[in-house]
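Sequential numbering of the sequence shown, starting at 1, is according to the working numbering. In this text, a Cβ means the ideal position worked out from N, Cα and C, and glycines have one as well. To keep things clear, I will list the structure first and then write my remarks on it.
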Amino acid sequence: MLIKCCIKDLKLLLSERRSLLIFFLMPIVLTTILSFALKGSFDEEVSMATIPIAIVKDYDVSVDGAKIRDVFQAYMEDNDALNNSDQITEDLDVEQFFFDDFLENDQTKDVINYQVMSKAQAKKALANGTIKAIVILPKSFVYDLSVNFLSPYRNEIDITVIASPKASYAGHLTTQIMSLYFDALNERIVQKNTYLKLATAKMGLSDAMTHIGDVVSLESKATSTQETTIPGYSVMKSFTYYSIAMMAMFILYAASFSGTALMREKQDGTLNRSVTAGVSYHTMLLAKAFMTWCLVMAQMTGLLLFSRFILGVSWTLSPVMIYGMIATAIAVSGFGSVISAITMHYNNPNIPSIFQNVVIHIFALLGGSYIPVDVLPAQLAYFKVIAINGIVLDLFIGIYQSLNSAALMPQLLMLIGFGMMTFLISDGVMRRKERWERA
């Protein structure tokens, strides 16, 4: 009788084309979309067009040059150093540092490309979409930078960035790049101050200032950072993560489908005929659990094959993967049994719908199916343990990292224990329901 009930339920499952579409097609679609959309969150190289910007010079170099000479007259100790002021300012060409050394740096050019425009030209270009942002260098820009470099004083410099309302991200990125410029500049000012403090005591201020161009280099020095991983572990990319995350989420829809099966049979009159034929609620619940188990195994197999051959995730079939699939299917089938039992107990067909439309999405958020739990507030991260998809996610990430069954035993035992416990609870509820109806 149990085998006949299982065969009947599997035939019923195959007739539900809409449900099968959700079970198999939707996770494939969402996995593909999220994997491409969130590549950057996993530190993968994302090709991006450079941002066109305009540079507006609000300053006059000749006026700033005269003001710089006035600073020397107040600061230098004798006429010899004053006569060398032109050579010093030439050696420390702060405008060249901004345009040639910084903006023409290969790393900067990978992100932005610039044109020097008047303010009117720049605003017109921003309005018609030719550029994404305007960078306005303020009045006395060269003068203020020179004061900061050639004297112990520090003048405040405010660069204005105007971004297109349709490209706020480009404006934000341009602002960050301008901040990098000032970081590099401040580093060199610290070098200058250190040099002057030591050199002035030895050779006097005049000679120290004469040689400052040889000491403080304005050339931008390239730095590189290498990223590696723990030996034996693979780098987690977006395609890998979301193929697991969407699988862990959408197998919960199988539990929802199982939760509606008994209620549908009751509404169609099939349940009463089965009871009359001597089939117990326990047998029917067991058959539904087996149907859910088969559905979850088929789902996981299909999604793993898709991620392996279409998305290029390097899955390797291993005994621990099979154990993980079996344990996951047991947990979800037990979950489905609980939903069936609660639905029958309260005679409310809306309970599976609430689970499908509300609970699954809460689990997806808390368990890391939508976004990695690491980026959630620490208070929410604690709730991951109550989301079954979070356990499945951790398990299959470990399988992808080729961890052995001993290392993954906690997740395996939690899934199997959860499945058995939930089935026993649902079986107790259904037996009580059966006794009450026959009384």
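Rounded to the nearest whole angstrom, the CA to CA distance from Leu366 to Ile251 is 16 Å. Per DSSP, Lys57 is not a residue of any alpha helix (DSSP H); the beta strand (DSSP E) it occupies stretches across 51-57. Listed in chain order, the alpha helix (DSSP H) elements of length 4 or more contained wholly in the segment 238-296 are 238-250, 252-268, 270-276. If you check the CB distance, Ile342 and Ile416 do not come in under 8 Å.
Residue pairing by DSSP places Asn404 opposite no residue, since no beta bridge is assigned to it. Of the candidates Phe363, Val275, Pro319, Val275 places its Cα closest to the Cα of Met1.
Put simply, the backbone Cα of Pro27 is about 30 Å away from that of Ala49. Counting the other Cβ atoms within 10 Å of the Cβ of Gln299 gives 16 or more, which makes it buried. Excluding residues up to 5 positions away in sequence, Met297, Met300 lie with their Cβ nearer than 7 Å to the Cβ of Met325 in the same chain.
One alpha carbon belongs to Phe309, the other to Val29, and they sit about 15 Å apart. Between the alpha carbons of Tyr323 and Thr316 lies a gap of roughly 13 Å.
Between the segment 330-340 and the segment 361-375, the count of Cβ pairs shorter than 8 Å is below three; the stretches do not touch. Rounded to the nearest whole angstrom, the CA to CA distance from Thr270 to Gly334 is 23 Å. In the structure shown, Met117 falls within a strand segment according to DSSP collapsed to helix, strand and coil. The C-beta distance from Pro52 to Ile131 rounds to 5 Å, short enough to fall under 8 Å.
For a cut-off of 8 Å, the C-beta gap from Ser164 to Ile68 is around 35 Å, too long to register as a contact.
Distance from Met178 to Val161 at the Cβ level is roughly 6 Å; contact confirmed, criterion being Cβ atoms closer than 8 Å. Per the C-alpha coordinates, the member of Lys288, Val61, Lys57, Phe182 positioned closest to Glu156 is Phe182. Annotation: the continuous alpha helix (DSSP H) that includes Ile339 extends over 319-346.
Restricting attention to Ile339, Asp394, Val358, the CA atom closest to the CA of Pro372 is found in Asp394. The DSSP-derived three-state label of Thr174 is helix.
Straight through space, the alpha carbons of His172 and Phe149 are spaced by roughly 28 Å.
Fewer than three Cβ pairs drawn from the segment 280-287 and the segment 391-405 lie within less than 8 Å of each other, which leaves the two stretches out of contact.
Exclusion of the five residues before and after Gly398 leaves Ala407, Leu408, Gln411 as the residues of its chain whose Cβ lies within less than 8 Å of its Cβ.
In the structure shown, the three-state DSSP call for Thr160 is strand. By the neighbour-count definition (other C-beta atoms within 10 Å, threshold 16), Gly129 is an exposed residue.
Contact between Asp9 and Met291 is confirmed by a C-beta separation of about 4 Å, below the 8 Å threshold.
When the alpha-carbon of Leu126 is set against those of Val142, Arg432, Ile386, Ala54, the nearest one is in Ala54.
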